[in-house]
Amino acid sequence: MSEAELLVNEFIMHGKKQGLDEKLLQKVIQHLLDNQFYPAGEREQIRIQLQKLIKNHLKGD
Amino acid sequence: MRLTHLIISNLGPYRGRQTIDLQTDTSATGYAFFADNGRGKTTIYNAMRWCLFGEVRERAKTVGGKKTEGSIRPMVGEGKILMNATAYEKDDPQEMAVILFAEGKRGKIMISRTAKSSKKLARSDDDITVTLDVQIGTEKILSGSKAQEAIESFFPRELERFFFIDGEALEEYTEMMQESSLEGLQDEVNAVLGIPALLRGSEDLTKMRQSVKSKIDKTSKAVKSSTKARDEVIIQKKKLQTAINSSDVKEKQLLTVQKKLEHTLEQMNSHQELAPLIEELKSLETMIKLKQANLKEAAKEKVGESKVAWKVLLWNRASKLHEKHSKEYDLAMERERTIRATKEDIERTENNLKEVSGICDKCHQPLPDIEAYKNKLKEELENRKEILSRLKSGTEISTKDLIIKLGDFEKLKPQSDANERIIRSEGKWKRLLNDLETLRESHKIINAKVSEEAKSNVAELAESKGRQEAIISKRVQELRVLREQARVEELELTRLERLSGTVSEDKEGYEVNAIISKLIVAIEDTISTYREKARIEVEKIATEVFVKLINAPDVYSGIKVDKDFKTQIRTSSGGLLRNPSTGQVSMMTISVIDALRKVSGINAPVFLDTPGRSLDEKHKQELLRYFWMNEGHQFLIFAHSGEFGLEETVKEFKGKLAKAWTITHPGDHDTCFIATCKSKDVTHDPYDKKYTCNTCGNEWDKRSKNSMILEVEL
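Residue numbers (the numbering used here), protein chains in the order written: chain A, 18 to 78; chain Y, 1011 to 1724.
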């Protein structure tokens, strides 16, 4: 198991404890991993996409 | 990612284009470049880094666990430039390029980075234009920042250290792993573990929560304002109704007065036949008043002018006397002048008579007869005395008295136009008196035609009309003010109704906020547990690698990685190895780096530059054995001649070594180096320092420092 998989599993486990949906957790952590090396000053678009992801989840997409 | 070709053009000692073909029919994953120092091993290693990341950074320095970033190697200019020296000094344009071909999960990959001078004889990187093109699979070619993003999506720059490893770096890692502080390696370890995803994710979510909360607060505020506005709408509606009512009342009052006025006007119409007479009477009365005033003024003027009337009457008689005395005065004045002249003549004649000298006093000639002359003078004198006597005796009244008399007359003399003015003022007064009488007569005649009652009625109606008109004007003004007030209240009502519109609580915002908050907790919990689990995972993999590398399971059981990723060697007896040798520490370091590389999940070739620098012969062999054990990843080593012998290595690792090359200067060869020739029949020209192959005709300059990459036949 690579660390990325370990991290994803760990995050999903803690997210589920918070009552969050696994699919949403999977999408969120993948989005964060894909964009982990973008510096703080260039993350506005990443945040917008993250919020869109959450909103779509709320709509059931 | 599996590298298939690497093309280097005008980099370091490589003049022109050098193509390295890494394709092979075997499943072996080992690649080796053998060369003496200064031939260009590290240039190939750096060419890959430059092609992928656009820069070659010098190794970061770590002193006491504190990392200092290394400087970027310039492409052109001063110091250790990346461009080939001949290309830099002689080419126009100056240009260098690296093209990389590979195969990955997404298909074939092509990365091309070119640096070209943007002006003649570029002397700094500012004069160089770098272009990057990337194609992945059948996707369209990307350029610039999009291309760089594409590269880093499968090969993050942060993980460069785990794939580009040189001997110097190994020593550095070794030092860092043994230091109490691992700050120098911490970023890379975190990057491998995916910690930035959690840390930056937590920051992102915290910022998002602030933004969502701010939006919720705004909506909540708007909802409160809306509720408040709804209450205000009710009050405002009442205010508007009050204003409308006041306006209506005023309008009714206005209508009442307007009706009254209409009635008055109707009544006035019924007296229409008297109206002109009454109007004329009024006009006559006004004119009579005016005439009376004028007459009064004329009377005053007449009295004023009459004050000098006695002078006019008296002067009619006195003027003749005045004229007579004036003439007498003129005569008296003439006589006085004649007397004065006669006296002067007498005096002069007497003087002449006394002073007769025999010379004529007129022609100044000698007198012929003096006595006759004297007698003549005496006669003249007597005549004049007689005239004087006669003039003096003729005076009845003196000149002085005449002046007094004339003065008295002047006092009685009126102004020249006094008479005319008296007549004129008298005429004016009489005329006005006549006019007044005429007006009075007219008034009397018309007045007789209109009854007193009718006059009274008409006057009363006129007064009513005036009063009503004044009231209407005032009420119109008041009504206008009230209507304006109602309009203002209506506008305010519209504004409040708009504010009280359909603003509802941001339900979605609350839900998003709740999810974000839970995600933040999940990330925080993950950070607290994941690092430890990752450490255990790294320790496990590092131990596996170490055991394979060291190949002494009876002595060493593995690697201990503590919470700060500080590492130590475990002995089979369960303890920790004290005072490990340099080789042992190097193997431990390689194990940990390889463990971190493995757990990163990145599938990319590993480049080892002078890997055996601090290893003994046994460990060097174990190192290659481990890396070339065919796990699917390509491992490229760049070894100098003292590190790994070409022939021994090729022999030892046959089957594991996919391809091997030597990097040499032309002068390193005294036999033909063309792969298909290899002839020893070579002519050496010591004067020109040139070699010529007598078999294939290949010529080379012994002094040339342009490196050549020659594939070794395995």
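Each residue gets a CB set at the ideal place from its N, CA and C atoms; glycine is no exception.
- Within the DSSP bridge table, the entry for Pro1023 of chain Y names no partner.
- In the three-state DSSP reduction, Lys1118 of chain Y falls in the strand class (E or B).
- CA-to-CA, the gap between Leu1720 of chain Y and Thr1681 of chain Y works out to about 14 angstroms.
- In terms of Cα proximity to Met1278 of chain Y, the closest of Y:Arg1541, Y:Asn1467, Y:Trp1060 is Y:Asn1467.
- Per DSSP, reduced to three states, the secondary structure at Phe1617 of chain Y is strand.
- The Cβ neighbour count for Arg1485 of chain Y, taken over all protein chains shown within 10 Å, is at least 16; the residue is labelled buried.
- Counting C-beta pairs with one atom in each stretch, the stretch 1529-1543 of chain Y and the stretch 1551-1563 of chain Y have fewer than three that are closer than 8 angstroms, which means they do not touch.
- In this structure, Y:Val1460 is the residue among Y:Leu1492, Y:Thr1148, Y:Gly1147, Y:Val1460 with its C-alpha nearest to the C-alpha of Glu1290 of chain Y.
- By the rule that beta-carbons nearer than 8 angstroms mark a contact, Leu24 of chain A touches chain Y.
- Under the 8 angstroms criterion on CB atoms, Met1218 of chain Y is classed as interfacial with respect to chain A.
- Distance check between Cys1706 of chain Y and each of Y:Lys1700, Y:Ala1685, Y:Met1718, Y:Leu1724 places Y:Ala1685 closest, using alpha-carbon atoms only.
- Fully enclosed alpha helix (DSSP H) runs of no fewer than 4 residues occupy 1627-1637 of the stretch 1619-1653 of chain Y, in order along the chain.
- Y:Ser1127 is the residue among Y:Val1144, Y:Arg1490, Y:Ser1037, Y:Ser1127 whose C-alpha sits nearest the C-alpha of Asp1136 of chain Y.
- Three or more Cβ pairs drawn from the stretch 1485-1498 of chain Y and the stretch 1261-1279 of chain Y lie within less than 8 angstroms of each other, which places the two stretches in contact.
- For Gly32 of chain A, the nearest CB of chain Y lies under 8 angstroms from its own CB, placing it at the interface with that chain.
- At least one CB atom of chain Y sits nearer than 8 angstroms to the CB of Leu49 of chain A.
- Taking Glu1709 of chain Y as the centre and dropping the five residues before and after it, the same chain places the C-beta of Lys1700, Tyr1701, Thr1702, Cys1703 closer than 8 angstroms to its C-beta, in chain order.
- In this structure, Asp1626 of chain Y keeps its C-beta atom at 8 angstroms or more from the C-beta atom of Gly1177 of chain Y.
- By the Cβ test, the stretch 1093-1112 of chain Y is not in contact with the stretch 63-72 of chain A, since fewer than three Cβ pairs between them sit closer than 8 angstroms.
- Rounded to whole angstroms, Leu1341 of chain Y and Glu1354 of chain Y show a C-alpha spacing of 20 angstroms.
- Within chain Y, the residues Gly1204, Pro1206, Ala1207, Arg1210 have their CB atoms less than 7 angstroms from the CB of Gln53 of chain A, given in chain order.
- Straight-line measurement puts the Cα of Leu1387 of chain Y at about 59 angstroms from the Cα of Asp1427 of chain Y.
- For secondary structure counted as the alpha helix (DSSP H) over 4 or more consecutive residues, the stretch 1401-1460 of chain Y holds these complete runs in sequence order: 1409-1422, 1428-1459.
- If you look at Cys1703 of chain Y, you'll find it in the beta strand (DSSP E) that goes 1700-1703.
- Residues of chain Y whose Cβ lies closer than 7 angstroms to the Cβ of Glu27 of chain A are, in chain order, Thr1536, Thr1539, Tyr1540, Lys1543.
- In this structure, Y:Ile1612 is the residue among Y:Lys1115, Y:His1650, Y:Ile1612, Y:Phe1683 with its C-alpha nearest to the C-alpha of Phe1172 of chain Y.
- Assignment of Pro1103 of chain Y by DSSP, reduced to helix, strand and coil, places it in the coil class.
- A residue is called buried once 16 or more other Cβ atoms fall within 10 Å of its Cβ, and Val1609 of chain Y is buried on that count.
- The alpha helix (DSSP H) runs lying completely inside the stretch 1337-1405 of chain Y and spanning 4 residues or more are 1380-1403, given in chain order.
- By the neighbour-count definition (other C-beta atoms within 10 Å, threshold 16), Glu1499 of chain Y is a buried residue.
- Ranked by how close their Cα comes to the Cα of Lys1310 of chain Y, the residues Y:Glu1447, Y:Ile1432, Y:Val1692, Y:Val1144 have Y:Ile1432 in first place.
- For the C-beta of Leu70 of chain A, not a single chain Y residue is nearer than 7 angstroms; the gap to the nearest is close to 10 angstroms.
- Residues of chain Y with a Cβ closer than 8 angstroms to the Cβ of Gln35 of chain A are, in chain order, Lys1528, Leu1529, Val1531, Ala1532.
- Residue pairing by DSSP places Trp1325 of chain Y in no beta bridge whatsoever.
- Taking the CA atoms as reference points, Lys1231 of chain Y sits about 14 angstroms from Gly1511 of chain Y.
- Asp1214 of chain Y reaches chain A at Arg60, Ile63, Arg64, Leu67, counting residues in chain order whose Cβ is nearer than 7 angstroms.
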